[in-house]
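Reading through the structure tokens given below for one structure.
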Amino acid sequence: EEMLQSTQPEDQAFKLSQKIASVKERLEETRKKENTAKDHRTDAQKKQKKASEAEEAANSEKQKNKDQLQQLREEIETKTEKFRELQQKNVTLAAKHTQEAMAATQHKEDTAAASRSFEKIMDECTVLHTELEGLKAKAPKKA
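Remember, the working numbering sits 50 above the position in the sequence shown when you count from 1.
In structure tokens, the structure reads:
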């Protein structure tokens, strides 16, 4: 019995030391799991931060593109309006030039007709002059 009693505290100590070792082991595993979870959280936070920064950059780029697009639309609208104005001026000038060309053609025709008329009159004058000279030649001379 004495021997049993003396081993009993040793057994209890051994069992207790085993329990302590087991608890320490579980505690160490728990710490490892906590550290792993903490690392995962940190990684997730970093990834979230990167994702937020990327989204912010994308939104900024998107806004910049929208602004640029609006500016280009306004520029196109302005240039289209100027083009229409120039096109209208071109049509007006073309009509004016057509009228001037028609007037010039008419003037040319009128000048040609006047020239023909003048030549006809000159021919008649020549004929009349010739007739007058002939009559003068036949007329008796006064002394």
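Note that beta-carbon positions come from the ideal geometry of N, C-alpha and C, so glycine has one too. In this text the structure is predicted, and so the values were computed from the model without any measurement.
(request) Whole angstroms is fine: what's the gap from serine 49's alpha carbon to arginine 134's? (result) The first residue shown for the chain is 51 and the last is 193, placing residue 49 beyond what the model contains.
(message) If you reduce the DSSP assignment to three classes, tell me which class alanine 187 lands in.
(response) What you label residue 187 is simply residue 137 of the sequence shown in a count that begins at 1. Here alanine 187 sits in helix by DSSP.
(message) Between the alpha carbons of aspartate 89 and glutamate 75, how many angstroms are there, rounded?
(response) For the purposes of this step, residue 89 is identified with residue 39 of the sequence shown, where counting begins at 1. For the purposes of this step, residue 75 is identified with residue 25 of the sequence shown, where counting begins at 1. Each residue's alpha carbon lies about 21 angstroms from the other.
(request) Output the distance between the C-alpha atoms of alanine 173 and threonine 180, rounded to the nearest integer angstrom. (result) Along the sequence shown, read from residue 1 onward, the residue named residue 173 stands at position 123. Along the sequence shown, read from residue 1 onward, the residue named residue 180 stands at position 130. A small correction: the amino acid at residue 173 is aspartate; alanine does not occupy that position in the sequence shown. Computed Cα separation, rounded: 11 angstroms.
(request) Could you check the C-alpha separation between glutamine 137 and glutamate 127 for me, to the nearest Å? (result) The residue given as residue 137 occupies position 87 in the sequence shown. The residue given as residue 127 occupies position 77 in the sequence shown. Distance from the CA atom of glutamine 137 to the CA atom of glutamate 127, rounded to whole angstroms, is 15 angstroms.
(request) Would you kindly work out how many angstroms separate the C-alpha atoms of alanine 104 and alanine 87, rounded to a whole number? (result) Walking along the sequence shown from the start, residue 104 turns up at place 54. Walking along the sequence shown from the start, residue 87 turns up at place 37. If I take the Cα positions, the gap works out to 25 angstroms.
(request) Please report how far the alpha carbon of lysine 139 lies from the alpha carbon of lysine 146, in whole angstroms. (result) On the sequence shown, position 89 is the one that residue 139 refers to. On the sequence shown, position 96 is the one that residue 146 refers to. Rounded to whole angstroms, lysine 139 to lysine 146 spans 10 angstroms at the Cα level.
(message) Threshold first: 4 residues or longer. Then list the alpha helix (DSSP H) segments lying entirely within the region 58-98, N to C.
(response) Entirely contained in the region 58-98, not one alpha helix (DSSP H) run reaches 4 residues.
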